[in-house]
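**Q**
In our numbering, the protein residues as written are 19 to 271.
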């Protein structure tokens, strides 16, 4: 992605692609790498690399299912050369009073731009911030709690991966009450193997499970989340489509 051959905005590779090939050339190690914005990706600064070597992407190509070979070129025409650190946030329309008009913060609100980090399997995930977890609207189906009925949220610290998924629903006082499960993954799995195992993961792939979590018992903070009074530091997150049905999912959705 950082070399312009792949866009992180793509939901999935085209169905006609059979194979992707990248030719990598080892180069002499450098003393460090400065942070740089390129092709909508901001890289992290690296210092004190020490022994080893660096690498340079020489070329990329794809082979289609029909057998055609396509040489790829970096897409430079639609990518901005500079990425802003902040972007305007969408806010509701308000009536300005004297107090609000005097407040510069209310006139122009900003949120930190979402960036990409690489997870423990060296795959691109979203950098964790409050905006990635926030509800996408006021309607029930736009709530993050409802989103987890069809998707599973994976979260990582600098060394550990966690899983948050919808577990089951019960009827209480004529209303449906949802409960969730928080688990520690025994090992971080690459996306291909993760889908083979099943999403959410089976019981033999998780440990230290916290069951029957009400959504209000999840307290999100800028640096992590608190689950039933247990605090977890979070660095990056990713929503993945659920592939395994919960026990009563067919009756609840």
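We put the beta carbon where it would ideally sit given N, CA and C, even for glycine.
Quick check: is any heavy atom of the ligand MN less than 8 Å from the C-beta of residue 220?
**A** Annotation note on the ligand MN: not contained in the displayed structure, which lists no ligands.
**Q** For residue 249, which option in 204, 238, 256 and 148 has the closest C-alpha, if you only look at C-alpha atoms?
**A** Nearest C-alpha to residue 249: 238.
**Q** List the DSSP bridge partners of residue 221.
**A** None, per the DSSP bridge assignment.
**Q** So, with DSSP's three-state summary, where would you put residue 239?
**A** Looking at residue 239 - three-state DSSP - the assignment turns out to be strand.
**Q** Given this structure, state the Cα-to-Cα distance separating residue 204 from residue 225, to the nearest angstrom.
**A** So the two alpha carbons sit approximately 6 Å from each other.
**Q** Check residue 154 in the structure and name its three-state DSSP category.
**A** In the structure shown, residue 154 sits in coil (DSSP, three-state: anything other than H, G, I, E or B).
**Q** Residue 137 to residue 254, Cα distance in whole Å?
**A** About 7 Å.
**Q** CB residue 20 to CB residue 61, shorter than 9 Å?
**A** Cβ distance < 9 Å, so residue 20 and residue 61 count as in contact.
**Q** Using three-state DSSP, classify residue 47 as helix, strand or coil.
**A** Looking at residue 47 - three-state DSSP - the assignment turns out to be coil, as it is neither helix nor strand.
**Q** Can you tell which of 157, 79 and 216 has the C-alpha that lies nearest to the C-alpha of residue 261?
**A** Nearest option by C-alpha distance: 216.
**Q** Hey, how far is the Cα of residue 86 from the Cα of residue 223?
**A** So the two alpha carbons sit approximately 39 Å from each other.
**Q** Which whole-angstrom value is the C-beta distance of residue 184 and residue 166, which I expect to be below 8 Å?
**A** About 4 Å; that satisfies the 8 Å criterion.
**Q** Whose CA, out of 77, 174, 52 and 45, lies closest to the CA of residue 71?
**A** Checked all of 77, 174, 52 and 45; the closest Cα to residue 71 is 45.
**Q** Do residue 200 and residue 181 count as a contact pair if the criterion is CB distance below 9 Å?
**A** Yes, these two residues count as a Cβ contact at 9 Å.
**Q** Bridge partners for residue 202 per DSSP, in chain order?
**A** Beta-bridge pairing links residue 202 to 180 and 225.
**Q** State yes or no: is the C-beta of residue 153 within less than 9 Å of the C-beta of residue 195?
**A** Against a cut-off of 9 Å, the Cβ pair of residue 195 and residue 153 comes out as no contact.
**Q** Indicate the three-state DSSP secondary structure (helix, strand or coil) for residue 133 in the structure shown.
**A** If DSSP states are grouped into helix, strand and coil, residue 133 belongs with coil.
**Q** Out of curiosity, what's the CA-to-CA distance linking residue 241 and residue 227?
**A** In a straight line, the C-alpha of residue 241 is about 21 Å away from that of residue 227.
**Q** So what does DSSP say about residue 33, is it helix, strand or coil?
**A** Note: residue 33 maps to coil in three-state DSSP.
**Q** From residue 244 to residue 172, what distance separates their C-alpha atoms?
**A** The straight-line gap from Cα to Cα measures roughly 15 Å.
**Q** Could you tell me the distance, in whole angstroms, from the CA atom of residue 187 to the CA atom of residue 197?
**A** Approximately 6 Å between the Cα atoms of the pair.
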